[in-house]
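Visitor:
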Amino acid sequence: MVIDFLSVDKDLIRVKGKGGFTVLHHVALDENYAHLLRRFLNFCPDCIFDLTVERQTALHIAAEKNKFEAFKAMLEWIQSAFEDDKCKRSKILNSQDKDGNTVLHLTASINHPQMIKLLIECEEVDKNKINDRGFTAMDVLQRQTVADNTESVNILNSNPLTFQKLSKLKLLTDEIKDMREETVGVLLIVFSLILTMTYQGILSPPGSIFQGDATATSSNHRTGKSVMNATSFLLFYIPNGVAFLTSWVMTILLLKSVAESIIYFLSPIYLMVCFCYGVALSTIALPANLSLVVICISIIIYYSLLFIWSGHHRGFRKKIKM
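Residue numbers (the numbering used here): 15 to 336.
(1) Does the beta-carbon distance from Cys101 to Glu189 come in below 8 Å?
(2) Taking Cβ positions, are Ile298 and Pro220 nearer each other than 8 Å?
(3) Rounded to the nearest angstrom, what separates Phe35 and Gln70 at their Cα positions?
(4) Go through its chain and collect everything with a Cβ distance to Phe250's Cβ below 8 Å, but skip five positions before and after it.
(5) Can you tell me which of the three DSSP states Ser240 falls into?
(6) Are the beta-carbon atoms belonging to Asn122 and Glu83 less than 8 Å from one another?
(7) Under 6 Å Cβ to Cβ from Ile144, same chain only, skipping five residues before and after it: list those, please.
(8) Quick check: the Cα distance between Ser233 and Leu295, rounded to an integer number of angstroms?
(9) Please list the terminal residues of the continuous alpha helix (DSSP H) segment that includes Glu195.
(10) My guess is that Ile169 and Pro127 are in contact by the Cβ rule of under 8 Å, so how many angstroms apart are they, rounded?
(11) By the 10 Å Cβ neighbour count, where 16 or more other Cβ atoms means buried, how is Gly4 classified, buried or exposed?
(12) The alpha helix (DSSP H) that contains Ala122, what's its start and end?
(13) By the 10 Å Cβ neighbour count, where 16 or more other Cβ atoms means buried, how is Gly31 classified, buried or exposed?
(14) Cα separation between Asp64 and Phe205?
(15) Measuring straight from C-alpha to C-alpha, what distance separates Val293 and Val198?
(16) Using the Cα positions of Ile62 and Thr164, report the straight-line distance between them to the nearest angstrom.
(17) Classify Ser172 as helix, strand or coil using the three-state DSSP reduction.
(18) To the nearest angstrom, report how far apart Lys141 and Phe247 are at their CA atoms.
(19) If you draw a straight line from the alpha carbon of Gln178 to that of Leu107, how long is it in whole angstroms?
(20) If you count every other CB in all the chains shown that lies within 10 Å of the CB of Ile109, and 16 or more means buried, which is it?
(21) When the distance is taken between beta carbons, is Thr265 closer than 8 Å to Leu217?
(22) Among the candidates Val37, Phe279, Glu78, whose CA atom is the shortest distance from the CA of Phe54?
(23) Please report the residue range of the alpha helix (DSSP H) in which Ile130 lies.
(24) According to the neighbour-count rule (16 or more other Cβ atoms, all chains shown, within 10 Å of its Cβ), is Val41 buried or exposed?
(25) Among the residues of its own chain, which have a CB less than 8 Å from the CB of Ile27, if the five just before and after it don't count?
(26) Measuring alpha carbon to alpha carbon, tell me which of Ser104, Ala77, Thr66, Leu269 ends up nearest Met193.
(27) How many whole angstroms separate the CB atoms of Ser104 and Glu138, which I take to be in contact at a CB cut-off of 8 Å?
(28) Whose C-alpha, out of Ala72, Ile208, Asp111, Cys288, is nearest the C-alpha of Asp146?
(29) How is Leu65 classed by DSSP in three states: helix, strand or coil?
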């Protein structure tokens, strides 16, 4: 009967009762109904993110109450359902309750080697996450004096490659993919404005530039150079360049999420703009040695962006061949 109701309205699973518990939280507490977990999760995948008033997910509950079968069933479902979404896997597996404890903290607190092993086999789990008391899962485990925790400690220390943090760029890309098109559109406008302002800031630097005749003698070598001294110029140039580069990368990532096929055509244009940005900087920089520094930094930035674009280009060509 419950399944019949859910087929009519899947959001019934997310209705909260006392303590903020949902149906999924209650089922996670009773292993006699562990077989229902997958069915509930398949009906409404987002219910895995629902929190109690203690900010605990159903996975937290199963770990804290030592419900291994329910814990295993949910963990397997998470890996399967979000196979292509590392961002969501990381979000649920590293979610912290009101005390800052992740699921790994809780499995360590009950010294459950099997649960710990299942968790560390997930590449998204961050074993270095600290709770509100400043403890990692290993700290929690080692502070126990009642039970023998040798097996759990060895498991937690094993295969350090599984604890590598996710690429921040990859996480950001996954988050962007989950955004609504309207949100992406607004962000594109924002970053386009930042690109425009930072580029214009180089063409018209604070205080303007020295005026003069282009055919003037060497005594007027400052003509066309920024009136700012070297220190002030760098204080302006560095934040401006960082803002320009960040906005450039974010624009590419946002465009990739909504119109990947045109990135190949737009990226060369952006690269040429970046090249012009570097040329403009070197032209107005004063003195000459500062111009050299600016040119070197601009070249590094230019080739970094070229490398990023090449990566997108290869991905695009690979997709076309497929």
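Glycine residues also receive a C-beta, built at the ideal position from the N, C-alpha and C atoms.
None of these values were measured; they are calculated from a predicted model.
Guide: So, from the listed chains and residues:
(1) In this structure, Glu189 lies closer than 8 Å to Cys101 by Cβ.
(2) no
(3) 9 Å
(4) Gly215, Pro219, Pro220, Met242
(5) strand
(6) Residue identity differs from the one stated: residue 122 is Ala in this sequence, not Asn. No.
(7) Thr150
(8) Residue placement at Ser233 cannot be trusted, given a pLDDT of 46 that sits under 50; the coordinates are not used to answer.
(9) 195-217
(10) 6 Å
(11) No answer is possible for residue 4: the residues shown for the chain start at 15 and end at 336.
(12) Segment 117-123, the alpha helix (DSSP H) holding Ala122.
(13) By the neighbour-count rule (16 or more Cβ atoms within 10 Å), Gly31 is not buried but exposed.
(14) 33 Å
(15) 31 Å
(16) Using only the alpha carbons, I get a separation of about 32 Å.
(17) coil
(18) 43 Å
(19) Any reading at Gln178 is ruled out, since the residue's pLDDT is 45, under 50, leaving its predicted position unreliable.
(20) The amino acid occupying residue 109 in the given sequence is Ser; Ile does not appear at that position. With 16 or more neighbouring CB atoms inside 10 Å of its own CB, Ser109 falls in the buried class.
(21) Taking 8 Å as the cut-off, the beta carbon of Leu217 is found no closer than this to the beta carbon of Thr265.
(22) Val37
(23) Looking at the DSSP string, the run of the alpha helix (DSSP H) that includes Ile130 is 127-134.
(24) buried
(25) Taken in chain order, the residues that qualify are Leu20, Thr36, Val37, Leu38, Phe54, Phe57, Cys58, Cys61.
(26) Leu269
(27) 4 Å
(28) Asp111
(29) In the structure shown, Leu65 sits in coil (DSSP, three-state: anything other than H, G, I, E or B).
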